[in-house]
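In what follows, a single structure is set out as structure tokens and then discussed.
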Amino acid sequence: MAAQSAPPAAAPEPGLRARKKQRTRDALIEAAHRLFLGQGFASTTVDEIASAVDVSQRTFFRYFANKDEVALAVLAEAEDHFIELLRARPAEEGPLRALRAAIVGSWRERGSAHPTGPCSVNAALELIRIIEDTPTLLAAHLRRVAEQERVVIRVLAEREGLDPAEDLRPAVLAAAFGAVLRAAHLSWTSDQEDIGPEGMIALIDRHLDQLGPALVGDWRSTP
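Take the sequence shown: its position 217, counted from the start at 1, is 217 in UniProt numbering, and no numbers get skipped.
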């Protein structure tokens with residue numbers, strides 16, 4: 001009697017395959033950021049990033065087109081999560097209150113998920129500094145910020161039942177909010193102690209609290 005051949009091995013479940021890919025992607029991001037923060041963006045090569053995760057350059061390029069993309073990946077994910085939180089805010093909240101609540105939730109969740117390491121609050125702020133000091137990264141980041149701003153405009157207009165082509169308030173608020181956030185991020189310096197999510201939230205609140213006075217207040221009076 002002929003020996004029966006062994007049944008073919010079952011293919012990995014789609015969920016398992018997706019989780020494995022996500023773990024590889026996360027590991028590449030963490031390795032890249034650790035290298036960027038430790039030795040600088042310009043001094044870090046794709047080969048070093050791949051080697052740190054024990055994968056090939058070919059595997060790296062399955063996930064990211066170049067160094068710039070992996071450098072911006074954490075911020076891009078954080079920006080997308082901020083939009084999700086904004087969409088989920090209660091309809092009765094005013095636009096600025098909803099924006100503030102969404103950004104607070106975003107930073108608080110980051111601090112909870114990544115209390116230390118290359119994706120922590122301080123590491124994210126250090127990465128923002130690297131981006132600001134690297135022209136190619138800054139250009140790519142600002143393009144991403146502009147795209148996000150357009151999404152925020154649409155979300156705010158939908159929440160308030162407005163046509164953003166006719167009513168300029170969503171565009172003005174989205175632009176002002178983004179500029180205040182950037183000012184808050186850049187006010188942090190790397191010689192500060194571990195700021196943590198609550199420290200970052202307090203810093204953002206301080207800046208947003210000055211938005212009204214900066215626009216309509218008398219600057220010569222005592223703040």
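Each residue gets a CB set at the ideal place from its N, CA and C atoms; glycine is no exception. Owing to the predicted nature of the structure, the values given are computational and were not obtained by experimental measurement.
Suppose contacts are defined by Cβ-Cβ distances below 9 Å. Is R108 in contact with I201 by that definition?
yes
Residue burial classification, A18 (beta-carbon count within 10 angstroms, cutoff 16)
exposed
Could you round the C-beta distance between F60 and V74 to whole angstroms and report it? I think they count as a contact, below 8 Å.
Not quite, the Cβ-Cβ distance comes to about 16 Å (not below 8 Å), so this is no contact.
Where does G111 land, buried or exposed, given buried means 16+ other C-beta within 10 angstroms?
buried
Contact between the stretch 144–160 and the stretch 79–90 (3+ Cβ pairs under 8 Å):
yes
In chain order, which alpha helix (DSSP H) runs of at least 4 residues are fully inside the UniProt DNA-binding region "H-T-H motif" (45–64)?
46–53 and 57–63
Take F36 as the anchor and find which of A179, A123, R182 and T136 has the nearest alpha-carbon.
A123
Does DSSP put Q210 in a helix, a strand or coil?
coil
Measuring CA to CA, which of G196, D209, E166 and A174 is closest to residue 227?
The requested residue 227 is not part of the displayed model; the chain covers only 1 to 223.
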